[in-house]
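In the working numbering, the protein residues as written are 390 to 579.
One structure below.
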Amino acid sequence: MTSSRSRRSAPLPRSFYDRPTAVVARALLGCTIARIGGPAGRIVETEAYVAYDPANHAFRGPSARNGSMFGPPGTLYVYRIHQVHCANAVTRPGQAVLLRALEPIGAGLADARGPGRLCRALGLTRSEDGVDLVAGPVRIYPRVGPIGSVVRAPRVGIRRAVDRPLRFAIEGNRYVSSPRPWGRRGAPSP
DNA sequence: CTTCAGATTATCT
DNA sequence: GATAATCTGAAGT
Numbered sequence: 390m391t392s393s394r395s396r397r398s399a400p401l402p403r404s405f406y407d408r409p410t411a412v413v414a415r416a417l418l419g420c421t422i423a424r425i426g427g428p429a430g431r432i433v434e435t436e437a438y439v440a441y442d443p444a445n446h447a448f449r450g451p452s453a454r455n456g457s458m459f460g461p462p463g464t465l466y467v468y469r470i471h472q473v474h475c476a477n478a479v480t481r482p483g484q485a486v487l488l489r490a491l492e493p494i495g496a497g498l499a500d501a502r503g504p505g506r507l508c509r510a511l512g513l514t515r516s517e518d519g520v521d522l523v524a525g526p527v528r529i530y531p532r533v534g535p536i537g538s539v540v541r542a543p544r545v546g547i548r549r550a551v552d553r554p555l556r557f558a559i560e561g562n563r564y565v566s567s568p569r570p571w572g573r574r575g576a577p578s579p
């Protein structure tokens with residue numbers, strides 16, 4: 390029998406997140422993040438925060454702020470900085486992928502270029518810290534079509550490990566946040 | 001208890 | 001490009 394029960398496929402399984410963090414960061418591009426019954430967007434930019442990474446909040450082990458980074462793969466880690474929230478998908482213990490920008494799906498999503506705006510657009514605060522991205526109120530779904538080329542660059546806004554190329558973005562996508570060190574697509578090189 | 005740095009962003013020059 | 005806003009978590013005294 391045909392069914393129109395679900396317009397989206399099943400959420401990404403926990404095993405999706407249980408891989409090296411940079412692999413997950415790359416693989417999340419093109420996937421959809423949605424609140425159940427709420428706004429949704431396509432992930433177009435991420436950053437990996439890995440092991441032995443001094444820019445990682447978990448670099449010095451568990452704390453009151455980063456506790457959810459030590460939960461199961463597929464846990465949401467939300468922290469606050471400078472009066473703004475940022476959201477991450479936990480991969481392996483003490484590692485996570487920062488979600489940096491979304492392309493709107495439908496008309497329900499406000500501007501989500503940049504981690505702070507992304508959280509505001511999805512209504513993510515510390516209340517959502519620790520929720521399960523596989524079965525909780527906010528979930529991530531598999532990519533549907535191709536995403537084209539991926540660009541890599543150093544991460545944004547950090548002061549330690551500034552050169553590691555752990556930022557991933559869909560090349561040429563207009564919803565990727567600034568700065569864009571790879572330049573505009575089609576721009577002449579100096 | 002006090003000090004300080006920070007995975008951002010809006011606004012200014 | 002530079003800086004202020006604004007406040008929390010973490011570390012120091």
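All C-beta atoms, glycine included, are put in the ideal place defined by N, C-alpha and C.
| Item | Value |
| --- | --- |
| Contact between the segment 396-412 and the segment 517-531: three or more CB pairs below 8 Å? | yes |
| Suppose you measure from the CA of residue 519 to the CA of residue 493; what does that come to, to the nearest Å? | 24 Å |
| With 16 as the cutoff for other CB atoms within 10 Å, does residue 537 come out buried or exposed? | exposed |
| Which of the three DSSP states is assigned to residue 410 in this structure? | helix |
| What is the C-beta distance between residue 464 and residue 479, in whole angstroms, given that I count them as a contact (C-beta under 8 Å)? | 4 Å |
| Assess contact between the segment 557-570 and the segment 448-461, defined as three or more Cβ pairs (one per stretch) separated by less than 8 Å. Is contact present? | no |
| Can the beta-carbon of residue 559 be found less than 8 Å from the beta-carbon of residue 467? | no |
| Can the beta-carbon of residue 429 be found less than 8 Å from the beta-carbon of residue 421? | yes |
| Whose CA, out of 436, 427, 426, 424, lies closest to the CA of residue 417? | 436 |
| Beta carbon of residue 499, beta carbon of residue 488: below 8 Å? | no |
| Just to confirm the assignment, what range does the beta strand (DSSP E) spanning residue 505 have? | From DSSP, residue 505 is part of no beta strand (DSSP E) but of the alpha helix (DSSP H) over 504-511. |
| Hey, would you say residue 557 sits closer than 8 Å to residue 545, going by beta carbons? | no |
| Taking residue 450 and residue 431 to be in contact with their CB atoms under 8 Å, please state how far apart those CB atoms are, rounded to whole angstroms. | Incorrect: roughly 34 Å between the Cβ atoms, too far for contact. |
| Consult DSSP for residue 415 and reduce its assignment to one of helix, strand or coil. | helix |
| Can you tell me the Cα-Cα spacing of residue 484 and residue 501, whole angstroms? | 23 Å |
| Contact defined as beta carbons within less than 8 Å: I believe residue 599 pairs with residue 443. What is the distance between those atoms, to the nearest angstrom? | Because the chain spans 390 through 579 in this model, residue 599 falls outside it and cannot be assessed. |
| Is the beta carbon of residue 400 closer than 8 Å to that of residue 533? | no |
| How big is the Cα-Cα spacing for residue 402 and residue 471? | 33 Å |
| Does DSSP put residue 585 in a helix, in a strand, or in coil? | An answer regarding residue 585 cannot be provided, because it is not within the stretch 390 to 579 covered by the chain. |
| Starting from residue 471, follow the beta strand (DSSP E) in both directions and report where the run begins and ends. | Here residue 471 belongs to no beta strand (DSSP E), and DSSP marks it neither H nor E. |
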